[in-house]
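Working notes for the structure below.
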Amino acid sequence: MSNIEARRFTKPGEKIKNVRIDHNSSVTVITEMNDKEAAVDFRFTANYASMGIIKIEGRLIIEGDASAIASKWNTEHKMEDDVANQIHQTIMQNCLPEAVMLARDIRLPPPIPMPQVKVGKGPEAKPSSGVEVA
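Following the working numbering, the numbering of the sequence shown begins with 7 at its first residue and continues without gaps.
Shown next, in the form of structure tokens:
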């Protein structure tokens, strides 16, 4: 990661209901490094509307037909679907954990859905046949 920015626009303790968090990953530049590798510059953003923002910029290296990937990006600003899926999935896998930690540091909600915990009596267990499977 080459650049990280995290800003909170509201005061700590200020309550805002129904915080909407939008995620976005975008490719800014693709450069051919050699025949089989291309450098992909990207930007990840978690936008908390009027509450705050987290931006992460960086570079990743993708393997494949670097010349074709870079030339298609430079002429059309497009990628093959499988390449785009691989790039955006890698960006999310690497940036979301970092964004969670940054959000904690500046006291914003985590940019991922939190699991719902329900305490109480759950569904009754059905009687089993007594057969144990290992």
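Each residue gets a CB set at the ideal place from its N, CA and C atoms; glycine is no exception.
Can you tell me whether DSSP reads residue 40 as helix, strand or coil? coil
Expressed to the nearest angstrom, what Euclidean distance is found between the alpha-carbon atoms of residue 40 and residue 21? 51 Å
On the DSSP letters alone, give me the boundaries of the beta strand (DSSP E) that residue 9 sits inside. 9–14
Shorter than 8 Å from the beta carbon of residue 12 to some beta carbon of chain D? Going by chain labels, chain D is absent from the structure shown, which holds only one protein chain.
Cβ pair residue 112, residue 26 closer than 8 Å: no
Determine, using beta carbons only, whether residue 46 and residue 70 come nearer to each other than 8 Å. no
Identify the continuous alpha helix (DSSP H) that holds residue 1 and give its terminal residues. Shown here, the chain extends from 7 to 140; a query on residue 1 therefore has no answer.
Let me know if residue 117 comes out buried or exposed under the rule of 16 or more other beta-carbons within 10 Å of its beta-carbon. buried
What does the alpha-carbon distance come out to for the pair residue 30 and residue 125? 34 Å
Return yes when the Cβ of residue 108 is within less than 8 Å of the Cβ of residue 60, no when it is not. yes
Looking at residue 49 and residue 8, is the spacing between their C-beta atoms short of 8 Å? no
CB residue 38 to CB residue 76, shorter than 8 Å? yes
Does the separation of the CB atoms of residue 67 and residue 43 fall below 8 Å? yes
Here's a check: name, in chain order, each residue in its chain whose Cβ is nearer than 8 Å to the Cβ of residue 78, leaving out the five neighbours to either side. 84, 85 and 86
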